[in-house]
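Engineer: First the structure, which I've put down as structure tokens, then a few questions once you've had a look.
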Amino acid sequence: MGVEETIRALEDIGFGEIYLLTKKARKKPQSSKETVKVDQYKGKILQDHFMSFKDCTKCPLHRSRSQVVFGDGNPDSPVVFVGEAPGEEEDAQGRPFVGRAGRYLNRKILEVMGMRREDVYITNVCKCRPPENRKPTAQEIRSCFPYLRKEIEIIKPKVICCLGSTAGEGVIGKNMPITKVRGKVFTYPYDPKIKVFLTYHPAYILRNPRAEGEFVEDLKKLKDLIA
Ligand code: URA
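Below, the structure written as structure tokens:
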């Protein structure tokens, strides 16, 4: 009995819809396609994660923010850059590091590491803008940290690069002077396979251009760490 006859016979005895799995459909996907699938999968999980806290009211920052600013970039990046908290432009646009410090950071990542902004992943320890761009309090950092922790758990980068001491405090859990710990490698307390690297916040370099050489030195080291 041929395929068509078989289908007709099955329909006669009451089968409504019959699907045939062709050889092509059964074939295992190529590895490159599998990678794309993983990307989309991670992206979807991140999106669901963001949606779960878009209306967060756990700390007082929700009263003055325009919106929660989620992380952004390539979820398969080997490096996650972590800043302090959104500023005015980030709060308005809903994306991290889109202001002057962000443009400077993008330029340096490209010049020194050869990576475009869209190749890497960028986020903050606090997802809401503090009023007058003040530093987030230890309490605000603590209450926001589970969101960053989950982001990192989904992305699983090789290295978390903390930009400035507030980011370092959020990720490592203790306050260390950035001038002492910059360029150093730590272990991420929640996953020993992930390294934590600390450097200056780009806004600090814009205010103190003499420190740019050290910042560049750190980014070169970061490039080697993710190679
Ligand atoms: N500074 C930060 O720490 N984060 C931003 O998103 C923008 C500026």
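Under numbering that gives the first Met the number 0, residues 0 to 226 are what the sequence shown spells out, in order.
Idealized CB from N, CA, C, for every residue including glycine.
As the structure is a prediction and not an experimental result, all values here were calculated from the model.
Helix, strand or coil: which one does DSSP assign to C143?
Structural biologist: Note: C143 maps to helix in three-state DSSP.
Engineer: Check whether the stretch 38-47 and the stretch 74-85 are in contact - that is, three or more C-beta pairs closer than 8 Å.
Structural biologist: Segments in contact, yes.
Engineer: Could you name each continuous beta strand (DSSP E) segment of 3 residues or more that falls completely within the stretch 63-93, going from the start of the chain to the end?
Structural biologist: For the stretch 63-93, whole beta strand (DSSP E) runs of length 3 or above, ordered along the chain, are 78-82.
Engineer: Do V79 and I140 have their beta-carbon atoms positioned less than 8 Å apart in this structure?
Structural biologist: Cβ distance not < 8 Å, so I140 and V79 don't count as in contact.
Engineer: Mind checking K27: buried by the 16 CB within 10 Å criterion, or exposed?
Structural biologist: Confidence in K27 is poor, its pLDDT being 42 and thus under 50, which makes the residue's placement too unreliable to answer from.
Engineer: Is the beta carbon of C143 less than 8 Å from the beta carbon of V124?
Structural biologist: Yes.
Engineer: From the DSSP secondary-structure annotation, give me the bridge partner or partners of N123.
Structural biologist: For N123, which the question treats as bridged, DSSP gives the partners G82.
Engineer: How would you label G70, buried or exposed, when you count the other beta carbons within 10 angstroms and need 16 or more for buried?
Structural biologist: Answer is buried; the Cβ neighbour count reaches 16.
Engineer: Return helix, strand or coil for K222, following the three-state DSSP convention.
Structural biologist: Reduced to three states, the DSSP call for K222 is helix.
Engineer: Does the stretch 193-200 come close enough to the stretch 166-185 to have 3 or more Cβ pairs within less than 8 Å?
Structural biologist: Judged by Cβ distances under 8 Å, the stretch 193-200 makes contact with the stretch 166-185, as three or more pairs qualify.
Engineer: With I159 as the anchor, note down where its beta strand (DSSP E) starts and where it stops.
Structural biologist: 158-162 is the span of the beta strand (DSSP E), which, as asked, contains I159.
Engineer: Tell me the rounded alpha-carbon separation between L109 and C58.
Structural biologist: One C-alpha to the other measures close to 35 Å.
Engineer: Per DSSP, which residues does K194 bridge with? Please list them.
Structural biologist: K194 is bridged to V158, T186.
Engineer: Is DSSP giving V170 helix, strand or coil here?
Structural biologist: Here V170 sits in helix by DSSP.
Engineer: DSSP three-state label for D47, please.
Structural biologist: Reduced to three states, the DSSP call for D47 is helix.
Engineer: What's the C-alpha gap between Y103 and Y146?
Structural biologist: The alpha-carbon atoms of Y103 and Y146 are separated by roughly 26 Å.
Engineer: Spatial neighbours of K157 within its chain, please: C-beta separation below 8 Å, excluding the five flanking residues on both sides.
Structural biologist: Closer than 8 Å at the Cβ level, and outside the excluded window around K157, lie P77, V78, I193, K194, L224, I225.
Engineer: Taking only the alpha-carbon atoms, compute the straight-line gap between E117 and R181 and give it to the nearest angstrom.
Structural biologist: Taking the straight line from one Cα to the other gives about 25 Å.
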